[in-house]
Structures are given as structure tokens and as C-alpha cells.
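Here the structure is laid out as C-alpha cells; the discussion comes afterwards.
Numbering (the working numbering), first residue to last: 193 to 516.
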């Protein structure tokens, strides 16, 4: 292995570990995560998007000269800030426009009822015909305003369609890098060796799970905080307790947040590090987008349901939840 590494001076310029001593212990530590994925997962691991994402990670590591833990964090923050944050702003613009349209429809309701009453007398409609005509007219008015403001409700899902593939590609890329074996290509072995020495504090080896469970537990708590923050905002805006469907969805995401804890404890710590940093960015972005000043700065329209004191509302919600 020493001879192979000597033949690759460019690839080894950032490798400062003793190779003979690094391979054995690292391989022993990661036996529980070393088996290669099969079938669909193997195809995903070898796919073009995943390979390009892995190249991006390696390029940022090489250009920045940072240790791997910092390179992973930097890449995560850059992608979340340059891709996810602008899409989140766009999503909130759609939400605000739809809220304003719904307010318009409420203001239009008396006029539409009056027109329907006139039509009942003029065309001798029965109750069923009147309700059908009223519903069609209201739907037409709503659709016209949606087209006018370019805010189809499906556009509000843009964040998930960008964030989910990015999360999968980065996770699988890190899994590939942490699962190299002695049969892998030389660059993959070198990246693996760097990862074994590229951690920090309680996770010096990024190719093995976080045995302390600090990252997994932090991940679960951050995700739960995001869920509770969304519940607090939604409840304050509506002024009503959540409905049955909303309660089911909230409990589902709470279960997912808790379920991520044992999962994060079984994957290489480079993956749990990425997940934790990504969720932290998501929490920070959600806090920023709540600010009325920031919303005006990025031109999110003001809506009737926008909170004037969102952070105080958030504090009150958590105090109530924690019984403080």
C-alpha cells in the first residue's frame, strides 16, 4: 500500500497518517457498515448524480484544504444556502399569495351570494342547482386569481423536490466514501484513509458510527424543534387548534424525527454529521424566514396571517409544551 500511495503524490498530498497502522484498525471498526448495497442501492450508489456529488465533496475538500469534518459542514451549508434557502423564500411567496387570495375570496363571498340569489329568482333554480352554480363561480374566481398571481399550490412543493434528491445524493456519496475496501480503486482508498483521520473531538474516525450518540440525539432534537416550530406558527396563524389530519401529520413527523436517532447511530459518522448540519441549517433558515423584516427584504408579500411577533409566539409555544 505504501508503494501505491507513493505513486500518487497528488492524491496523497493532504494525507498525513501512517498508512500501515491506519488500514487495519479502521477496517475492523467499520465491519458493521462495510457490506456493499445490492440491487437498487448498488445502482443508486453508482449513479451519475451520486458520483457527481461525490466529486463535488472531494473538490471542495481539495480546494479548501479543510479537514473532512469541516469540508462536509462547509459543503452542506453552501448547498443549503444557495439552493434550499432561495427555494424556501419562493415557497413562502406562494404561501403568502395564496393567503391573500383566500382573503379576497372571503371579501367576495357576500357579492357572490347576492348574485346567486338573483340567479335563483331569474332562472328558477332549486337549492341543488344554486349550490352547484355558486361552487363553480367561486372556483372560477379563485383560479383566475391564482393565474393572475402565478401561485399554483403545487409550486409550494418545490422545496421538497429539490431538497430530497440532494439529501439522498449527499448521503449515498458519503456512504460510498466511507465504505471503500482494499479492493477499491486507489483514489477511493485514499479518501477512505483521510476520512479515518478527518474527524474531530468525539468522532475522530468519520468512517464508523458515532458511538457516543451525540450526533444522533442532536439530530433528533433539532428535527423535533423544526416540527414544533411549524406547529406553533400554523396554530398561531389560524387561531384554532389543529384538525385531525394535521395532528396525524404532526405525529408522523415527530415519529420520523425520533426514528432518525437510531438510524443515525448505525451509519458512518460522516453521514450523521451531514444530517445534523443539514437539519441545523433548516432550523436556522426557518427562524430567519419568520422575521417580518427579512420577508420584506426578500419581497415576500404581507398577508393577513403573518405574525407580527413570531419569535415571542415561538417562545410561548415552547414554554407551554415544556410546562415552564
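C-beta: ideal position from N, C-alpha, C; glycine also.
Asked	Found
With residue 458 as the anchor, note down where its alpha helix (DSSP H) starts and where it stops.	Neither: residue 458 is in no alpha helix (DSSP H) and is coded neither H nor E.
With a threshold of 8 Å on Cβ separation, who are the neighbours of residue 475 within its own chain once the five nearest residues in sequence on each side are excluded?	414, 417, 418, 421
Around the C-beta of residue 486, are 16 or more other C-beta atoms found within 10 angstroms, so that it is buried, or is it exposed?	exposed
Excluding the 5 residues preceding and the 5 following residue 471 in the sequence, name in chain order all residues of the same chain whose CB lies nearer than 8 Å to its CB.	411, 414, 415, 418
What is the rounded straight-line gap between the Cα of residue 331 and the Cα of residue 293?	12 Å
State yes or no: is the C-beta of residue 496 within less than 8 Å of the C-beta of residue 283?	no
If I follow the unbroken alpha helix (DSSP H) through residue 378, where does it start and stop?	378–388
Scan the region 279–356 and note each continuous alpha helix (DSSP H) run of 4 residues or more that stays entirely inside, going in chain order.	319–341
Three or more C-beta pairs closer than 8 Å, one from the region 231–251 and one from the region 433–442: is that the case here?	no
With DSSP as the reference, identify every bridge partner of residue 481, one or two as the case may be.	None, per the DSSP bridge assignment.
Any chance the region 402–411 sits against the region 262–276, with 3 or more Cβ pairs inside 8 Å?	no
Using a Cβ-Cβ cutoff of less than 6 Å, which residues in the same chain neighbour residue 530 once the five nearest sequence positions on both sides are dropped?	The structure shown does not extend to residue 530, since the chain is modelled only from 193 to 516, so the question has no answer here.
Bridge partners of residue 395, per DSSP?	392
Suppose the cutoff is 7 Å on Cβ atoms and the five residues either side in sequence are ignored; what does the same chain contact list for residue 490 look like?	281
For residue 246, does the three-state DSSP call read helix, strand or coil?	helix
Would you kindly work out how many angstroms separate the C-alpha atoms of residue 203 and residue 250, rounded to a whole number?	In this prediction, residue 203 scores a pLDDT of 39, lower than 50, which makes its location untrustworthy; the coordinate-derived value is nonetheless stated afterwards. Distance between the alpha carbons of residue 203 and residue 250 is about 11 Å.
Beta-carbon separation of residue 493 and residue 311 under 8 Å?	no
So what's residue 258 in DSSP terms, helix, strand or just coil?	coil
Taking Cβ positions, are residue 333 and residue 297 nearer each other than 8 Å?	yes
Do residue 428 and residue 499 count as a contact pair if the criterion is CB distance below 8 Å?	yes
If you draw a straight line from the C-alpha of residue 363 to the C-alpha of residue 322, how long is it?	55 Å
Does DSSP classify residue 512 as helix, strand or coil?	helix
Rounded to whole angstroms, what's the CA-CA distance from residue 378 to residue 454? Just pull it up for me.	32 Å
Between residue 397 and residue 388, which are expected to be in contact by the criterion C-beta below 8 Å, what is the C-beta distance as a whole number of angstroms?	5 Å
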